Amino acid sequence: MTAKGTGTASGSLPGTGIRLTAPAPGWSLEADVVVVGSGVAGLTAALRCAAAGRRTVVVTKARLDDGSTRWAQGGIAAALGEGDTPEQHLADTLVAGAGLCDEEAVRALVTEGPEAVHRLIRTGARFDTAPDSEEIALTREGGHHRRRIAHAGGDATGAEISRALVEAVRAAGLRTVENALVLDLLTDAEGRASGVTLHVMGEGQHDGVGAVHAPAVVLATGGMGQVFSATTNPPVSTGDGVALALRAGAEVSDLEFVQFHPTVLYLGPEAEGQQPLISEAVRGEGAHLVDADGTRFMVGQHELAELAPRDIVAKAIMRRAHEQGVEHMYLDGRHFGAQMWETRFPTILAACRSHGIDPVSEPIPVAPAAHYASGGVRTDLRGRTTVPGLYACGEVACTGVHGANRLASNSLLEGLVFAERIAADLADAPATRPAPAPAAHPAPAPAPRTTLPLLAPETRGAVQRIMTAGAGVLRSAESLAQASAALDRLHREAAETSAPTAAHKAPEPGVEAWEATNLLCVARVLVAAAQRRTETRGCHWREDHPERDDASWQRHFRITLDADRALDLRTTRTAGFPPTAGDGPRATATP
Numbered sequence: 000m001t002a003k004g005t006g007t008a009s010g011s012l013p014g015t016g017i018r019l020t021a022p023a024p025g026w027s028l029e030a031d032v033v034v035v036g037s038g039v040a041g042l043t044a045a046l047r048c049a050a051a052g053r054r055t056v057v058v059t060k061a062r063l064d065d066g067s068t069r070w071a072q073g074g075i076a077a078a079l080g081e082g083d084t085p086e087q088h089l090a091d092t093l094v095a096g097a098g099l100c101d102e103e104a105v106r107a108l109v110t111e112g113p114e115a116v117h118r119l120i121r122t123g124a125r126f127d128t129a130p131d132s133e134e135i136a137l138t139r140e141g142g143h144h145r146r147r148i149a150h151a152g153g154d155a156t157g158a159e160i161s162r163a164l165v166e167a168v169r170a171a172g173l174r175t176v177e178n179a180l181v182l183d184l185l186t187d188a189e190g191r192a193s194g195v196t197l198h199v200m201g202e203g204q205h206d207g208v209g210a211v212h213a214p215a216v217v218l219a220t221g222g223m224g225q226v227f228s229a230t231t232n233p234p235v236s237t238g239d240g241v242a243l244a245l246r247a248g249a250e251v252s253d254l255e256f257v258q259f260h261p262t263v264l265y266l267g268p269e270a271e272g273q274q275p276l277i278s279e280a281v282r283g284e285g286a287h288l289v290d291a292d293g294t295r296f297m298v299g300q301h302e303l304a305e306l307a308p309r310d311i312v313a314k315a316i317m318r319r320a321h322e323q324g325v326e327h328m329y330l331d332g333r334h335f336g337a338q339m340w341e342t343r344f345p346t347i348l349a350a351c352r353s354h355g356i357d358p359v360s361e362p363i364p365v366a367p368a369a370h371y372a373s374g375g376v377r378t379d380l381r382g383r384t385t386v387p388g389l390y391a392c393g394e395v396a397c398t399g400v401h402g403a404n405r406l407a408s409n410s411l412l413e414g415l416v417f418a419e420r421i422a423a424d425l426a427d428a429p430a431t432r433p434a435p436a437p438a439a440h441p442a443p444a445p446a447p448r449t450t451l452p453l454l455a456p457e458t459r460g461a462v463q464r465i466m467t468a469g470a471g472v473l474r475s476a477e478s479l480a481q482a483s484a485a486l487d488r489l490h491r492e493a494a495e496t497s498a499p500t501a502a503h504k505a506p507e508p509g510v511e512a513w514e515a516t517n518l519l520c521v522a523r524v525l526v527a528a529a530q531r532r533t534e535t536r537g538c539h540w541r542e543d544h545p546e547r548d549d550a551s552w553q554r555h556f557r558i559t560l561d562a563d564r565a566l567d568l569r570t571t572r573t574a575g576f577p578p579t580a581g582d583g584p585r586a587t588a589t590p
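Each residue of the sequence shown is one higher than the one before, counting from 0 in numbering that gives the first Met the number 0.
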């Protein structure tokens with residue numbers, strides 16, 4: 000896998016023919032598998048593929064340990080404790096998913112999860128243990144009826160998992176390309192994935208745009224929280240994998256189900272970007288949600304009170320705040336005492352104190368913020384998308400596990416389990432594909448190449464403000480229509496700027512312009528789906544349709560992008576995903 004200058008990349012462009020405006024690749028690498036992303040899902044997939052003898056290259060947007068995984072505080076959920084069972088874990092997951100989980104996918108998660116966690120331990124991850132014991136210490140989080148959350152470093156679980164996997168990747172000598180933004184999928188004449196184009200930023204091993212050629216591409220690019228003004232996601236979470244998949248012709252599903260974490264440190268109405276998370280484990284250990292008068296408003300609203308599923312808690316916080324005309328509520332853990340804060344939640348304690356708040360002596364101001372995308376690129380139980388050779392796992396994927404709302408701490412487990420499933424599928428396949436037999440009929444011509452108009456970098460803030468105002472925790476037909484119109488306006492302005500007769504120069508291709516363009520793409524899909532889903536379910540809350548409507552909406556959208564950049568929205572007939580495309584009534588929206 001030596002780098003070589005090629006000038007252009009072999010393979011045709013994706014099925015839609017749409018690509019980002021970018022220079023032609025000037026260098027390339029060869030591999031059997033290219034994994035895009037370095038969180039728990041990406042590194043697990045890479046390690047397992049390499050162990051199976053596949054030449055594996057890891058491409059990551061920042062450094063190996065800079066993804067979303069290291070920000071995970073609470074832990075990883077699995078039926079590890081005495082008296083707990085996968086069936087109980089399955090039941091809690093299905094309840095949280097509000098009728099839209101794919102039960103077969105959930106069953107795979109909960110039955111394979113415990114051993115996947117033990118393999119992670121054997122890889123080097125060190126979880127906290129109970130006092131005077133070698134048993135893993137377990138805690139509870141929202142939606143769980145049992146203590147089944149394993150944690151590390153008190154509230155630094157993601158950082159420990161990331162450390163262990165990064166060390167394992169380096170010990171295995173895997174080829175990595177850091178500081179690289181993936182651009183588009185490459186496909187062969189049959190429409191199969193054949194690699195990716197990417198741009199290395201400054202500190203990487205290569206300069207400028209290049210390509211990694213491989214017959215299998217694994218997307219593990221994380222989430223899209225940066226589509227909103229306030230999020231718990233790191234700056235790199237700009238929906239790049241979902242946008243790439245849409246341009247490649249893959250189906251995406253459930254993007255309307257964005258989970259807003261109910262307890263994020265409130266830093267004021269003007270706060271933007273990544274905000275400090277106050278882990279659900281704080282409530283799991285007994286902290287209470289209260290209003291300014293000290294009243295516990297979750298009592299009586301759900302049998303689990305503060306440990307109700309996240310959508311229920313987020314809605315309760317917003318309702319109480321609106322009733323009282325304020326912007327936030329409080330999380331009260333003063334009764335923990337200084338020692339518990341310092342030993343169990345040192346990261347959260349430090350974050351709060353850095354902003355002038357001391358949880359030992361005062362309640363923490365909290366409000367919901369964008370946290371996790373339950374939807375993404377649709378996959379089957381082996382992580383295969385609707386584009387042959389393209390896989391997805393982790394937050395970028397929609398496996399059907401989360402349904403309308405993710406159960407707390409199921410995300411790290413999903414990354415583990417489905418990354419291992421992808422590696423198993425690739426291990427069963429030939430390392431390189433044989434040459435295809437002569438076709439009885441000529442292959443269809445590849446779709447015409449269309450470059451996507453780039454947004455100016457400063458447009459990113461406009462997209463975020465539009466989405467926060469119109470498609471945030473509270474949504475309505477009016478707010479979504481305003482968001483849709485505003486996003487359409489940004490899209491038209493980009494197209495006008497890129498026209499040959501434009502009065503103003505089009506933005507130059509570059510990381511900030513590509514990220515803004517990806518954010519606009521996923522924002523328009525999210526809004527289109529949220530407009531169409533005229534009900535309240537899970538973390539999708541429509542003020543104008545406050546009830547859940549199983550008769551009409553216990554189903555998913557399957558969304559693809561056409562060559563003319565129009566969206567096709569189809570619905571499934573049931574809560575389960577079909578194995579192949581084309582099974583539901585079709586409606587068309589123009590993003």
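Where is the CB? At the ideal position from N, CA and C, for every residue including glycine. None of these values were measured; they are calculated from a predicted model.
- In the DSSP secondary-structure assignment, Val251 is bridged to Val376 and Ile558.
- Secondary structure at Asp549: helix, using DSSP grouped into helix, strand and coil.
- By the beta-carbon neighbour count (other beta carbons within 10 angstroms, threshold 16), Ala565 is exposed.
- Under the rule that a run must span 3 or more residues, the beta strand (DSSP E) segments found entirely inside the segment 240-328 read 257-264 and 287-289.
- The closest CA to that of Thr237, considering only Trp540, Glu495, Val462 and Glu477, is found on Val462.
- The alpha-carbon of Gln225 is positioned some 24 Å away from that of Phe417.
- Per DSSP, Asp101 is not a residue of any alpha helix (DSSP H), being assigned neither H nor E.
- Comparing C-alpha distances from Ala61 to each of Gly52, Gly38 and Ala77 shows the shortest one belongs to Gly38.
- With 16 or more neighbouring CB atoms inside 10 Å of its own CB, Thr535 falls in the buried class.
- In the three-state reduction of the DSSP assignment, Glu507 falls in the coil class.
- Of all C-beta pairs linking the segment 308-317 to the segment 117-131, fewer than three are shorter than 8 Å, placing the two stretches out of contact.
- Scanning Asp561, Arg531 and Glu507 for the CA closest to the CA of Cys520 turns up Asp561.
- When DSSP reads this structure, Thr196 sits in a beta bridge with Ala210.
- Linking Pro233 to Ala372 through their CA atoms gives a straight-line distance of about 14 Å.
- In the same chain as Pro506, and ignoring 5 residues on each side of it, the C-beta atoms closer than 6 Å to its own belong to Leu453, Ala455 and Ala512, in chain order.
- As a beta-bridge residue in DSSP terms, His539 pairs with Arg536.
- Taking the Cβ atoms as the reference, Phe259 lies roughly 6 Å from His370, within the contact range of under 8 Å.
- In the structure shown, Asp427 falls within a helical segment according to DSSP collapsed to helix, strand and coil.
- Partner residues in the beta bridge of Val58, as assigned by DSSP, are Val35 and Val176.
- Three or more beta-carbon pairs separated by less than 8 Å are not found between the segment 142-156 and the segment 49-56, which leaves the two stretches without contact.
- Of all C-beta pairs linking the segment 526-534 to the segment 476-496, three or more are shorter than 8 Å, placing the two stretches in contact.
- Sorting Tyr265, Ala304 and Val395 by C-alpha distance to the C-alpha of Val35 places Val395 at the top.
- In this structure, the straight-line span from the alpha carbon of Ala391 to that of Val365 is close to 33 Å.
- Rounded to whole angstroms, the separation of the alpha carbons of Ile347 and Arg169 is 29 Å.
- Separation of the CB atoms of Val510 and Ala482 is rounded to 25 Å, and the pair is thereby denied contact status at 8 Å.
- By the Cβ-count criterion, Gly402 is buried, with 16 or more other Cβ atoms from all chains shown falling within 10 Å of its own Cβ.
- Per DSSP, Arg18 is one residue of the beta strand (DSSP E) stretching across Ile17 to Leu19.
- Taken atom to atom, the span from the alpha-carbon of Arg383 to that of Val241 is near 14 Å.
- Between the alpha carbons of Pro268 and Glu326 lies a distance of about 8 Å.
- The residues Asp127, Thr128 and Ala129, in chain order, have a CB closer than 6 Å to that of Ala136 in the same chain once the five nearest residues on each side in sequence are set aside.
- Taken atom to atom, the span from the alpha-carbon of Cys538 to that of Leu164 is near 31 Å.
- In the structure shown, Arg569 adopts extended strand secondary structure according to DSSP, grouped into three states.
- Annotation: Asp424 to Glu166 spans about 25 Å, alpha carbon to alpha carbon.
- Straight through space, the alpha carbons of Gly221 and Ala304 are spaced by roughly 30 Å.
- Rounded to the nearest whole angstrom, the CA to CA distance from Pro358 to Ala422 is 43 Å.
- Comparing C-alpha distances from Met200 to each of Val211, His555, Val312 and Val181 shows the shortest one belongs to Val181.
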